[in-house]
Amino acid sequence: MITNTSQLTRPCLVGLFVCGLLAVACVADDWPSLRGPQHDGSAAIEDAELASGPLQLKVVWKHPVGSGYSGVVKSGGLLVSAMADVEADQEYVFAMSTETGETLWKTPTGKVMIGENGSFDGPVATPAADGVRAYHLSPHGILAAYALEDGSVVWQHDLKKEYSAASNIYGFGASPIVHAGMLILPVGSDDSAVMGFDAATGEVKWKAGKDGVAFQSAVPVQVDGKSVVLVAGNTTLFAIEPSTGKVIWSRPHGGASAVLPVPLPGSGLFINDMRDGSTSLNLQSNGATERWSGRNIRNSYCVPVISGGLLCSYSSRFLVAVDPETGDQQWRTRSPSNGFLATVAGRLVVATIDGSLHIGDVSEDGYDEVTKVQVFEKGDDGTDGLMWALPSIAGRSIYLRSLGAIARLDIQPGTRAESVAAEASQVSPGFATFLKTLDAADNKQAVIDSYLKGKSLPLIDGDFVHFILQGDYTDVAVASELFGMRQERVMQRVDGTKLFYFGVRIPDATRLSYVFYADYQPVLDPVSDRHVTSSLVAGEMEPIFRKAKSSLELSWFDKGNVVDDESTYVDAPSDKLAGSIDETQLHSDELNQTVDLSIYLPSNYSQSEDRYPVVFVHDGKSAMQSGNQVAIIDRLIQSKTVRPAVVVFIDKRFYPMQGAKGYAEFFAKELIPMIDREYRTSADRKDRASLSGGFGASLALMATLPVSDQIGTVGCHSLFAFEMMHPMFQQLAQLPNERCRVLVQRSRYEFRNPSENWNMGLQAVNVAKILADGGHDVATEATATGSDWVSWRTQSPRMWKFLLEQ
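Residue numbers (the numbering used here): 528 to 1333.
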């Protein structure tokens, strides 16, 4: 989106100002630039412990500093950045202790660059450091070297006075790099685009190229075994010999004024050189040829990185991954929100503008978040919650700079995935007495065995539920929809025993699922036979927004009598049916795949000539296997609670991150005609319904509302629909056809993540309102249960009565 300086606002530009590609010789525990020692944003390449498994981020310290956009570099035990003290009208380069965050020295660099056009005050360029000196370009054009020991000025140049360098309306913003003893900086003076200075003395060694510059920085690469420095001006990409300044070759680019070259595998290079697109090049010793160009990465100030073999970047506000060889987009996502990237042990690190830090795994299937934490909160001045700097990573520490603070976070391997505040265990008076007795006992295991003998687990005592696991484990946590997705609670170990527990107060009758994570591996409750395959979460309670590689088995429990009527139906065995199941398939041209169908036929179907109501169950396999819907409807029909009906279970899931292309057409043009042709179904729309739960409930609405002249009723257990789906539902709700009866049920412990501020129960209410505003007859119900089919079973009798009312 960049064509010239006048089109840019400063808040957008600062994401590039702080992205200097600093190339210095350093040890593995240093981060001499925002692009790191490898000049590609990567860190901890050889750290196998960080490369897989769960991680946790711990905020070690966080200290306010003066305002500014300057990023952080690390050299030895020092962090170096730049800031503005607005009250004193003075800017500084300063150094902090990596251990404590204490400011060790600060050196004035000039008056404050006052923010304009919606920006904040302070410096924008990021320093470089080489173990001896730090280097910084002030907004007023003062390029200086500072002794790392005490911050004293070693040498300096006034680029405006000495070399007629021109600044932009936001001041000077280029970040220098140090390479082979040479400080290299895009300058844009009358006679040179780039200048090389002796890093020790500041002596000008060479001037190269002719082009204007704004916010570019250089990057060293190896081309055919030779060291080359690549620098982009406002219109031209230069390949420069770093020792002499000789321009080896140059070529025009797309005209963006903030191009930051990104090395790619196979002697490739990426440049975000166009307003609405970007380019990849193949580098040779005598020039460069285009590898690909396109729009898959565009309108962004993010500097891409390679993670999972893919080129990851933001494109507009979306995180995207493209094939670095072809430029083909593999996926895009809205989350994490817009920000800046690095990698640690190959995993993607995302520092968002909103002040949060994320680490996740990248594959062709998408971004799978491992851990996250909110680092900076928005302050009263509206600045310190915003983060316009790339993360700096050294060893197992990440350093972040917001507009008003700097923080150190440590990465801890082998811990739980989600950073959550510790929550105290709540226990009943009876369990508290047991713990006191256990503490005083010599034979603790005998006390445990006696106390638990004959008791079901989890242990329920009045309003309290106690999760208990025994085993030779080091770390145990319990995860449940009770706490939310990507959440768990650490279980406390009783000293001298192998017993872990966590208690929580739940006043309502409820049904909830849970799983233990013992030494970071999922473990079903070994003393319970109540197990179910989740249709909503996988791995470490990760929501299934796209097809999961493996399913997650959960345990479940009832607290109190959740179902007052037909309670014996919800968990009835499915191997003793009065009716029958007709297994068949339908090849869909619309979906370009074969869909498995399980057709439930009531017990008297073959002896009758009657036409039956029909219910289409979307995501039918989960409904059958986890929801026990076949046994439930069979029992309800036999007890004459509902009318006999043909029930079509459709084995087709909806993954919101993959879309539902072709499903509505498949349903309307292929499935409904096939069922009406081969089975005796009623043509009356009042006898025809759709049913599903979770994301499948969204699928049911997407498929049914366009054919509401044929289907008059929809049942939605815990309707899941993110905001991005709401416009679609608004369009569907306003279709000029028949209105539907809709029942939307939601749960108290709904599919949600408190730390990520999403709650599908609230979304269900929002979509219900959208449908009601469209004239549909919508009813909503709330229960005290959880999400997923094992909990929706408890609501099924009420739902089937609604669908097949007598």
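Ideal Cβ placement from N, Cα and C applies to all residues, glycine included.
All figures in this text were calculated on a predicted structure; none of them were measured in a lab.
- prompt: I think ILE995 touches LEU1009, with their Cβ atoms under 8 angstroms apart; what is that distance to the nearest whole Å?
  reply: Not really, about 15 angstroms apart at Cβ, beyond 8 angstroms.
field: Closest residue to HIS1145 among PHE1222, ALA570 and SER1209 (Cα-Cα distance)
entry: PHE1222
- prompt: Going by Cα to Cα distance, which pick from LEU1228, ILE669 and ARG1212 is closest to ARG1138?
  reply: ARG1212
query: Does the segment 1155-1165 touch the segment 1070-1081, meaning 3 or more C-beta pairs lie closer than 8 angstroms?
result: no
query: In the structure shown, what three-state DSSP assignment does TYR828 receive?
result: coil
- request: Return helix, strand or coil for SER1219, following the three-state DSSP convention.
  value: strand
message: At the level of alpha carbons, what is the spacing between VAL681 and ALA661?
response: 10 angstroms
message: If distances are taken between C-alpha atoms only, which option among GLU891, SER1209, SER812 and LEU1128 comes closest to LEU838?
response: GLU891
query: Nearest-angstrom Cα distance between PRO779 and VAL607?
result: 35 angstroms
Which of helix, strand or coil DSSP assigns to MET1151: helix
- prompt: At a cut of 8 angstroms, does the segment 842-854 reach the segment 808-826 through at least three beta carbon pairs?
  reply: yes
message: My assumption, with CB atoms under 8 angstroms, is that GLY658 sits in contact with GLY568. Please give the rounded CB distance.
response: No, GLY658 and GLY568 are not in contact; Cβ-Cβ is about 21 angstroms, not under 8 angstroms.
message: Are the CB atoms of LEU584 and LEU936 within a distance shorter than 8 angstroms?
response: yes
task: Work out the CA separation of LEU984 and TRP1327 for me, nearest whole Å.
output: 31 angstroms
task: Pull up the distance between the alpha-carbon of HIS1338 and that of ILE833, whole angstroms please.
output: Outside the shown range of the chain, which is 528 to 1333, sits residue 1338, and nothing can be said about it.
- request: Give me the Cβ distance between ILE1108 and LEU1026, rounded to the nearest whole Å; I'm assuming they're in contact under 8 angstroms.
  value: No, ILE1108 and LEU1026 are not in contact; Cβ-Cβ is about 44 angstroms, not under 8 angstroms.
field: Contained beta strand (DSSP E) runs [length at least 3] in the segment 970-999, N- to C-terminal order
entry: 986-988 and 991-997
- request: Identify the continuous alpha helix (DSSP H) that holds ILE1164 and give its terminal residues.
  value: 1156-1165
field: Sequence-distant residues of the same chain with beta carbon closer than 6 angstroms to PHE1072, five excluded per side
entry: PRO1183 and MET1184
message: Alpha carbons only, please: which of GLY580, TYR1047, PRO792 and ALA609 is nearest the one belonging to GLY678?
response: ALA609
message: Closest to SER770 by C-alpha separation, out of SER694, GLY708 and SER794, would be which residue?
response: GLY708
Expected contact under 8 angstroms - CB spacing of PHE1043 and VAL1003 to nearest Å: 6 angstroms
query: For LEU884, which of ASN970, GLY866, GLY893 and THR653 has the nearest alpha-carbon?
result: GLY866
field: Span separating the alpha-carbon of GLY628 from that of ASN1293
entry: 45 angstroms
- prompt: Whose C-alpha, out of GLU1192, GLY1106, GLY893 and LYS1196, is nearest the C-alpha of ILE1160?
  reply: GLY1106
- prompt: In whole angstroms, what is the alpha-carbon distance linking HIS1253 and LYS1179?
  reply: 22 angstroms
- prompt: Residues in its own chain within less than 6 angstroms of VAL1271 by CB, not counting five upstream and five downstream?
  reply: CYS1243, LEU1246, ALA1291, ALA1295 and THR1307
field: Any 3 or more C-beta pairs closer than 8 angstroms across the segment 751-770 and the segment 686-698
entry: no
field: DSSP-derived helix/strand/coil call for ARG562
entry: coil
Exposure label - MET1012; buried when at least 16 CB within 10 Å: buried
task: Please check the pair ILE704 and SER744, which I expect to be a contact at CB under 8 angstroms, by giving their CB distance rounded to whole angstroms.
output: 6 angstroms
query: Cβ atoms of ALA655 and SER784: under 8 angstroms apart, would you say?
result: no
message: Restricting to Cα atoms, I'd like to know which of LEU1113, PRO1171 and GLN1156 is closest to PRO1129.
response: PRO1171
- request: May I ask you to report which of helix, strand or coil DSSP gives GLY595?
  value: coil
message: Am I right that VAL849 and ASP855 are in contact with their C-beta atoms under 8 angstroms? What's the rounded C-beta distance?
response: 6 angstroms
field: For ARG874: DSSP bridge partner residues
entry: VAL871
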